[in-house]
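The sequence shown begins at 3 in the numbering used here and counts up by one. Beta carbons are placed, not taken as given, at the ideal position from N, Cα and C, and that holds for glycine. This one's a predicted model, so the numbers in the text were calculated from it and none came from an experiment. Reading through the structure tokens given below for one structure.
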Amino acid sequence: MQDRVEHHFDGRSTGERSVLNAMLRGALLKCPACGIGAMFHRYLKVSDHCPHCGEALHYHRADDAPPYFTIVIVGHVIVSLVLSLEMAYRPALWIHAALWLPLTVILTLLALPPIKGALVALQWALLMHGFDPNAKEEMDDSYEPALPDDKGT
Ligand SMILES: [Zn+2]
3 MQDRVEHHFD GRSTGERSVL NAMLRGALLK CPACGIGAMF HRYLKVSDHC PHCGEALHYH
63 RADDAPPYFT IVIVGHVIVS LVLSLEMAYR PALWIHAALW LPLTVILTLL ALPPIKGALV
123 ALQWALLMHG FDPNAKEEMD DSYEPALPDD KGT
């Protein structure tokens, strides 16, 4: 869709942003702007800029939304499977524990990156936080967190 991405200052592209297209690209762990560069440089670490097109991705504020949606989705899958197995076969408790604990961990670890990718892409497509190329910086460089003074208070 956007082969020719025009960049505003600080790597923020201008032009139309499709929410669905961006979220699909994000769910595939790709940059929402170009769909080619990797969004993450480590498991859940979003790259500051897309390695392909240079789109600024560090403006995301995914915070705890990805774990929240992951818990909701994985929880519904696992609980429905647990109840189905229990209703059908009534297996011993150790079988439940041996099945569902590892499956829950595996599904959670598999679901987190695409969910986080889709949410970061959603923020990008909706021009949330600093993703709007026409907005001023939300937090300028003069912001400094309060640090304890020399007395340790
Ligand atoms: Zn890109």
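Helix, strand or coil at residue i according to DSSP, with G and I counted as helix
i: H51; result: strand
i: S15; result: strand
i: A120; result: helix
i: D5; result: In this predicted model, D5 has a pLDDT of only 49, less than 50, meaning its place in the structure is not dependable enough to derive any value.
i: A40; result: strand
i: A90; result: helix
i: A58; result: strand
CB contact flag (residue i, residue j, <8 angstroms)
i: G17; j: A123; result: no
i: P116; j: L22; result: no
Proximity test, residue i beta-carbon vs ligand 3 heavy atom, cut-off 7 angstroms
i: E88; result: No copy of ligand 3 occurs in the structure displayed; its ligands are ligand 1 alone.
Close beta carbons around residue i, own chain, < 7 angstroms, minus the five adjacent residues each side
i: P53; result: G39, A40
i: F133; result: R14, Y61, Q125, W126
Beta-carbon contacts of residue i that lie in its chain and below 8 angstroms, excluding the five residues immediately before and after
i: H131; result: Y61, H62, R63, Q125, E140
Rounded distance between the beta-carbons of residue j and residue i, thought under 8 angstroms
i: T72; j: L114; result: 5 angstroms
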